[in-house]
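See below for the structure under consideration.
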Amino acid sequence: MIRGVALVFLKTLAAISITWTGMLFGQSTAATAKPLAFAVVSIRHSTRTDGAWGFPNVQDGFSAMNVPLRKIIEAAYSMNDDDLVLGGPSWVDSANFDLEAKFAPEDVGAAQAMTSDQRSALLQPVLADRFHLVVHHETRPRPVFLLTVLKQGARLNPPSSAAANSRCLFHMPSVHTLSADNCKVENLIQVLRNNTGRIILDRTGLTGVYDFSLHWTPDDTPADSPAAGGPSFFTALQEQLGLKLEPATAPIDVLVIDSAQKPSPN
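To convert, note that position 158 of the sequence shown is 170 in this note's numbering; the numbers rise steadily by one, no gaps.
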């Protein structure tokens, strides 16, 4: 009787061992799944003469059209500001490239689930291979603007009920007029960055979603222009949105280009 019980126990133990081994094997297989990478990469000196440039939105990879290397590096490292990628030979700004990086067909579905920053980061080994790019991070003091709220409070409206569940939308009916629906302060900061030329750090403490509009007169507006006499960008920000940009210097994480070479042939 004891031998029979022992035999049943051993069989049960063997079954548990097989099941546990299978679990470990399954975990190991999942953990060592092949990471996504671009299967085909084409890099060429751009021959465009119309001045058009940018990063076309593609579903099966990454595309850059008539873009200098510094801009491609900014995209690859999510350092989306010219003041955040420093150094390098002069041609990283003057030589423009067309870059096409494609996933293997079987990887396109998984790639579409990635964020834009995750997908762009897959360019890092490509740049190291094709441009022999070497970079490192540093913290350096950089001129910035601190975005703060005036004592009177921010003049930002809650989103309309119709747009409450919508994504942020910007409208520019004219070059110096902006309206926004369902947007956060972080969305506004990109607009401010484009009009000030500096890194902007959010010190507002505002975390909501808002509707707002802004209209300003550029500093170089001719005196005889119908638009003359309107508020400057900085004044409009205070008067119309209750926000202020304060100049400051702050330690910022930057990417330094140690070395780079012209791309190897395709």
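In this text, a Cβ means the ideal position worked out from N, Cα and C, and glycines have one as well.
- DSSP places lysine 83 within a helical segment (H, G or I) once states are collapsed to three.
- Around leucine 162, the same chain offers Gln250, Gly254, Leu255, Lys256 as residues with beta carbons nearer than 8 Å, after the five sequence neighbours per side are excluded.
- Per DSSP, reduced to three states, the secondary structure at aspartate 193 is strand.
- A Cβ-Cβ contact shorter than 8 Å links leucine 226 with leucine 190.
- Residue pairing from DSSP places phenylalanine 224 in a beta bridge opposite Ala192.
- The alpha-carbon of glycine 121 is positioned some 16 Å away from that of leucine 134.
- Here glycine 217 is exposed. Its C-beta has fewer than 16 other C-beta atoms within 10 Å.
- Relative to the Cα of threonine 160, the nearest Cα in the group Ile201, Val138, Thr151 belongs to Ile201.
- Closest in alpha carbon position to asparagine 69, among Ser54, Arg131, Gly99, is Arg131.
- For leucine 181, the enclosing beta strand (DSSP E) stretches over residues 181 to 186.
- For the set Phe143, Ser128, Glu118, the Cα lying nearest the Cα of phenylalanine 109 is the one of Phe143.
- For arginine 56, the CB contacts under 6 Å within the same chain, skipping 5 residues up- and downstream, are Asp110 in chain order.
- A residue is called buried when at least 16 other Cβ atoms come within 10 angstroms of its Cβ; alanine 76 meets this threshold and is buried.
- For leucine 139, the uninterrupted alpha helix (DSSP H) run begins and ends at 135 to 142, by DSSP.
- Taking the Cβ atoms as the reference, valine 197 lies roughly 13 Å from aspartate 223, outside the contact range of under 8 Å.
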